[in-house]
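Let me begin by presenting the structure, written as structure tokens, before commenting on it.
Chains as they are written, first to last, in my numbering: chain W, 1 to 290; chain G, 291 to 605.
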């Protein structure tokens, strides 16, 4: 039993990061129909910038804020310089642009930072907390708590603020949103900035546990994408549930079945779910218009 | 001229002329080798383009099929003493069988869901290859027996240049014929609208499955050829990064364009070779070039340029 609890906690911790990446995918996808494969790079930028800022003597809280700001600027530039000029291009073209952006950002990180693995000291020490026979790292609570706070804030933003509702309106129908006076280009830029911030926060919170390096982004982007699809593309709740589920599946699969095939186990479950529910767990059945 | 270019044989003939013409401009063995790598990648990309460009179905798992082909010519001769050509054939048959079996459930999915399902499937193959070290040598890869034809040992970059170039021409020829066939028309119909295609009496599931199997076999043959050229296989060719690279080649060159497949493969194979001179800046420049090409030529290199020149002529 303590074993199961241990696996669940570590699975949920990694899953929270996947969930945040998947949320980033969802926000950008809803606002602009772009599947942003550079999403994982925001996670990398958050972690790496914090590591190098603290190494340069900047206090941790300032370094964290700085790293989030850096990611937000990168997100805005990505939208303004790469996505906006290609407006109206097919979705596949836009996906390849984001893959190009992800290669570019990885290359940039190689030059600005380095190719080593880096860690951050845990925010509240490394002494594991004993709970029901399992040893839980305090940093896990930071990751889970941080993810929960972000989800609540996002919920508030989308349901309680005018700008949030403008984003929802844009997601529902871009032309209609423009007709009622919503600046859809601003909304799309905002969605990139928000996704970048969320990704950066995930990267900062998880770096003390999983380490970071210039090339952690691609795998995270794929896992986040898979999580978003598992939940049902475009559904924020689905993204969170999908992310946590992928993390749990990996941890339980690695613990009970085979650690070398842990990624495979998560994907087998995703395949089975998609065969049964072709629109993901929370997706609506899609109807093709003729 | 326009009529000549739209003939069914035009594209394979153009590629054949290109292969012959380039052979006069090869300064060293290294260039022959890079060109052979372009032909091999282009072969896999043509197959994937049939699936993506004509049928409108995405696959992020084609490197898995590529890997099956590559490991077939590595494992079967080493374990069972099969001739490499027989092994390549067995790899192609096995790939077709696997694609047939998984294709039916997977191709029911659409768009991004199809992408994630094929991605997962490709990862399963890649993980099997890199984890079953007793058979495949694991992450370190394994050597491939040299190809011997009628007592003649095939070696040398220039020899492989001609062999892979020949395979590419055959692959392009088959692809052009397929596109012009009733199956090809059915694929384009279902690309535009599955419902409309079904209403017109097309067996959508079967058409999709056919092109999925064919494109998987292309990848497998390309994988086998690459393994024989290199004399060594590593699991990274079955990896999802290679799948993404293949998709990028398709889109960069132009979806639904056989010549575009060659252009896309040429760019992504040659560029990294050129850019190694820039050391640390290699990835930045590569990413930048990809973004600029896609922003400026958003339908892909060949279709965008073709439309541009067509437009000028009509003025």
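Glycine included, C-beta positions come from ideal geometry on N, C-alpha and C.
_Within 8 Å, strictly: CB atoms of residue 525 of chain G and residue 431 of chain G_ = In the second chain, counting from the first residue as 1, residue 525 of chain G sits at position 235. In the second chain, counting from the first residue as 1, residue 431 of chain G sits at position 141. In contact: residue 525 of chain G and residue 431 of chain G (Cβ atoms closer than 8 Å).
*asked:* Please list, in chain order, the chain W residues whose beta carbon lies closer than 7 Å to that of residue 395 of chain G.
replied: For the purposes of this step, residue 395 of chain G is identified with residue 105 of the second chain, where counting begins at 1. What residue 395 of chain G touches in chain W: 275.
*Under a three-way DSSP split, which group does residue 373 of chain G fall into?*
Position 83 of the second chain, counted from the first residue, corresponds to residue 373 of chain G. Three-state DSSP puts residue 373 of chain G in coil, outside helix and strand.
*Look at the Cβ atom of residue 238 of chain W, then the Cβ atom of residue 232 of chain W, and state whether they are nearer than 8 Å.*
Position 238 of the first chain holds residue 238 of chain W. Position 232 of the first chain holds residue 232 of chain W. Their beta carbons are under 8 Å apart, which means residue 238 of chain W touches residue 232 of chain W by this criterion.
*Helix, strand or coil: which one does DSSP assign to residue 478 of chain G?*
Here residue 478 of chain G is taken as the residue at index 188 of the second chain, counted from 1. Reduced to three states, the DSSP call for residue 478 of chain G is helix.
*In terms of DSSP beta bridges, what is residue 438 of chain G paired with?*
On the second chain, position 148 is the one that residue 438 of chain G refers to. Note: residue 438 of chain G sits in a beta bridge opposite G/443.
*Run the CB neighbour count on residue 291 of chain G, radius 10 Å, all protein chains shown included, and call it buried at 16 or more, exposed below.*
What you label residue 291 of chain G is simply residue 1 of the second chain in a count that begins at 1. Low confidence applies to residue 291 of chain G: its pLDDT is 49, below 50, so where it sits in the model is not reliable enough to give any reading.
_Suppose the cutoff is 6 Å on Cβ atoms and the five residues either side in sequence are ignored; what does the same chain contact list for residue 250 of chain W look like?_
As a position in the first chain, residue 250 of chain W is number 250, starting the count at 1. So the list reads 262, 266, once near-sequence residues are dropped.
*Taking the alpha helix (DSSP H) that residue 117 of chain W falls in, what are its first and last residues?*
For the purposes of this step, residue 117 of chain W is taken as residue 117 along the first chain, with counting starting at 1. Counting along the chain, residue 117 of chain W falls outside any alpha helix (DSSP H), and DSSP gives it neither H nor E.
*Just how far apart, CA to CA, sit residue 509 of chain G and residue 3 of chain W?*
Counting from 1 along the second chain, the entry for residue 509 of chain G is found at position 219. Counting from 1 along the first chain, the entry for residue 3 of chain W is found at position 3. Those two C-alpha atoms are separated by around 43 Å.
_Partner residues on chain W for residue 413 of chain G, Cβ-Cβ distance less than 8 Å_ = Translated into positions along the second chain, residue 413 of chain G becomes position 123. Within chain W, the residues near residue 413 of chain G are 263, 264, 267.
*Which of helix, strand or coil does DSSP assign to residue 511 of chain G?*
Walking along the second chain from the start, residue 511 of chain G turns up at place 221. Residue 511 of chain G falls in the helix class under three-state DSSP.
*Hey, residue 354 of chain G and residue 411 of chain G are a contact pair by Cβ (cut 8 Å); roughly how many whole angstroms apart?*
In the second chain, the residue the question calls residue 354 of chain G occupies position 64. In the second chain, the residue the question calls residue 411 of chain G occupies position 121. Residue 354 of chain G to residue 411 of chain G, Cβ: 6 Å. Contact.
*residue 28 of chain W and residue 186 of chain W look like a contact to me (Cβ under 8 Å); what is the Cβ gap, rounded to whole Å?*
Position 28 of the first chain, counted from the start, is the residue given in the question as residue 28 of chain W. Position 186 of the first chain, counted from the start, is the residue given in the question as residue 186 of chain W. Wrong, their Cβ atoms sit about 14 Å apart, outside the cutoff.
_Whole-number beta carbon distance between residue 31 of chain W and residue 243 of chain W, since they are thought to touch under 8 Å_ = Within the first chain, numbered from 1, the residue matching residue 243 of chain W stands at position 243. Within the first chain, numbered from 1, the residue matching residue 31 of chain W stands at position 31. About 19 Å separates the two Cβ atoms, so there is no contact after all.
*With DSSP collapsed to three states, give me the class of residue 19 of chain W.*
If you number the first chain from 1, residue 19 of chain W lands on position 19. Looking at residue 19 of chain W - three-state DSSP - the assignment turns out to be helix.
*What residues of chain W sit near residue 282 of chain G, judged by a beta carbon separation below 7 Å?*
With chain G running from 291 to 605 in the structure shown, residue 282 of chain G is simply not present.
*Any beta-carbon of chain G closer than 8 Å to the one on residue 177 of chain W?*
One-based indexing of the first chain puts residue 177 of chain W at position 177. Residue 177 of chain W is outside the set of residues whose beta carbon lies under 8 Å from a beta carbon in chain G.
*Find the nearest neighbour of residue 207 of chain W within the set W/26, W/37, W/67, judged by alpha-carbon distance.*
In the first chain, residue 207 of chain W corresponds to position 207, counting from 1. Considering only alpha carbons, the answer is W/67.
*Around the Cβ of residue 39 of chain W, are there at least 16 other Cβ atoms within 10 angstroms (buried) or fewer (exposed)?*
Within the first chain, the letter at position 39 stands for residue 39 of chain W. Label assigned to residue 39 of chain W: buried.
*Would you call the stretch 333 to 353 of chain G and the stretch 390 to 405 of chain G in contact, with 3 or more CB pairs under 8 Å?*
Proximity of the stretch 333 to 353 of chain G to the stretch 390 to 405 of chain G meets the contact definition, three or more beta-carbon pairs being nearer than 8 Å.
*Return the CA-CA distance between residue 177 of chain W and residue 184 of chain W, expressed in angstroms with no decimal places.*
By one-based count along the first chain, residue 177 of chain W stands at place 177. By one-based count along the first chain, residue 184 of chain W stands at place 184. Near 7 Å, if we compare the C-alpha coordinates of residue 184 of chain W and residue 177 of chain W.
*Is there a Cβ from chain G that is less than 8 Å from the Cβ of residue 74 of chain W?*
Counted from its first residue, the first chain places residue 74 of chain W at position 74. Not one chain G Cβ lies under 8 Å of residue 74 of chain W.
*chain G contact residues for residue 106 of chain W, given Cβ-Cβ distances below 7 Å*: As a first step, residue 106 of chain W is located in the first chain; it is residue number 106 there, counting from the start. Neighbours of residue 106 of chain W in chain G, taken as residues at a C-beta separation under 7 Å, are given in chain order as 573.
*What separation, rounded to the nearest whole angstrom, lies between the Cα atoms of residue 529 of chain G and residue 603 of chain G?*
In the second chain, counting from the first residue as 1, residue 529 of chain G sits at position 239. In the second chain, counting from the first residue as 1, residue 603 of chain G sits at position 313. Looking at the two C-alpha atoms, the distance is approximately 44 Å.
*asked:* Quick check: what's the CA-CA separation for residue 555 of chain G versus residue 123 of chain W?
replied: Your numbering for residue 555 of chain G matches position 265 in the second chain. Your numbering for residue 123 of chain W matches position 123 in the first chain. For residue 555 of chain G and residue 123 of chain W, the distance between alpha carbons rounds to 47 Å.
*Stretch-stretch touch, CB-based, cutoff 8 Å, three pairs: the stretch 94 to 104 of chain W with the stretch 580 to 595 of chain G*: yes
*Local conformation of residue 588 of chain G per DSSP, three classes*: Looking up residue 588 of chain G in the second chain gives position 298. Note: residue 588 of chain G maps to coil in three-state DSSP.
*Got a sec: is the Cβ-Cβ distance from residue 291 of chain G to anything in chain W below 8 Å?*
Reading the second chain from its first residue, position 1 is the one you call residue 291 of chain G. Annotation note: pLDDT 49 at residue 291 of chain G (below 50); position unreliable, coordinate value reported separately. The Cβ of residue 291 of chain G sits no closer than 8 Å to any Cβ of chain W.
*Stretch-stretch touch, CB-based, cutoff 8 Å, three pairs: the stretch 567 to 579 of chain G with the stretch 121 to 139 of chain W*: no
*Please list the residues of the stretch 538 to 563 of chain G that have a C-beta atom closer than 8 Å to any C-beta atom in chain W, keeping them in chain order.*
538, 541, 542, 545
*Residues in its own chain within less than 7 Å of residue 197 of chain W by CB, not counting five upstream and five downstream?*
Residue numbering aside, residue 197 of chain W sits at position 197 when the first chain is read from its first letter. Closer than 7 Å at Cβ, skipping near neighbours: 68, 71, 72.
*Could you work out which residues of chain W lie near residue 606 of chain G, taking near to mean beta carbons separated by less than 9 Å?*
Since the first residue shown for chain G is 291 and the last is 605, residue 606 of chain G is missing from the structure and cannot be characterised.
*Would you say residue 28 of chain W faces chain G, with C-beta separation under 8 Å as the test?*
Counting from one through the first chain, the residue named residue 28 of chain W turns up at place 28. Not an interface residue.
_Residues that residue 244 of chain W contacts on chain G, provided the C-beta gap is smaller than 7 Å_ = By one-based count along the first chain, residue 244 of chain W stands at place 244. Neighbours of residue 244 of chain W on chain G: none; closest Cβ ~17 Å, over 7 Å.
_Taking the beta carbon of residue 145 of chain W as the centre, do at least 16 other beta carbons fall within 10 Å, making it buried, or is it exposed?_
As a position in the first chain, residue 145 of chain W is number 145, starting the count at 1. Per the 10 Å Cβ criterion, exposed.
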